[in-house]
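K.L.:
Per the working numbering, the very first residue in the sequence shown carries number 31; after that it's consecutive.
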Amino acid sequence: MKRNVILSIFLISTGLLLAQPGRPKGPGGQYGERMEMMMIWKLTDHLGLSQNQAEKFFPVMREHQKELMEIRKEEMELFDPTFAKVKKG
Numbered sequence: 031m032k033r034n035v036i037l038s039i040f041l042i043s044t045g046l047l048l049a050q051p052g053r054p055k056g057p058g059g060q061y062g063e064r065m066e067m068m069m070i071w072k073l074t075d076h077l078g079l080s081q082n083q084a085e086k087f088f089p090v091m092r093e094h095q096k097e098l099m100e101i102r103k104e105e106m107e108l109f110d111p112t113f114a115k116v117k118k119g
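#1: What is the DSSP secondary structure of Ser38, counted as helix, strand or coil?
#2: Out of Lys118, Trp71 and Gly119, which one is the CA nearest neighbour of Phe88?
#3: Would you tell me roughly how many angstroms separate the C-alpha atoms of Tyr61 and Lys117, rounded to the nearest one?
#4: Can you give the Cα-Cα distance for Met91 and Ala84, rounded to whole angstroms?
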């Protein structure tokens with residue numbers, strides 16, 4: 031009886047653990063592509079861009095965002111040793 035209860039709890043908890051969503055992929059998580067599409071849609075609407083203008087604008091904006099992410103990454107690499115020293119005291 032006790033063994034059956036423990037086995038049942040184990041099986042249920044294993045099922046619950048396996049039912050959890052996977053880890054997010056990349057910086058935007060699993061919804062990054064969807065969020066980017068919504069951002070493009072909102073910006074196009076807000077700025078009143080035509081199809082032709084949007085085709086020119088968004089590749090430039092994506093390139094700018096990539097450059098900003100690289101700069102932020104470099105900043106973090108520079109600040110990590112400083113933060114470690116401050117944390118040590």
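Backbone N, C-alpha and C define an ideal beta-carbon position, used for all residues, glycine too. Computed from a predicted structure; not experimentally measured.
P.N.:
In brief:
#1: Position 8 of the sequence shown, counted from the first residue, corresponds to residue 38. Reduced to three states, the DSSP call for Ser38 is helix.
#2: As a working note, residue 88 is residue 58 in the sequence shown. Nearest C-alpha to Phe88: Trp71.
#3: The residue given as residue 61 occupies position 31 in the sequence shown. The residue given as residue 117 occupies position 87 in the sequence shown. Distance between the alpha carbons of Tyr61 and Lys117 is about 34 Å.
#4: For the purposes of this step, residue 91 is taken as residue 61 along the sequence shown, with counting starting at 1. For the purposes of this step, residue 84 is taken as residue 54 along the sequence shown, with counting starting at 1. About 10 Å.
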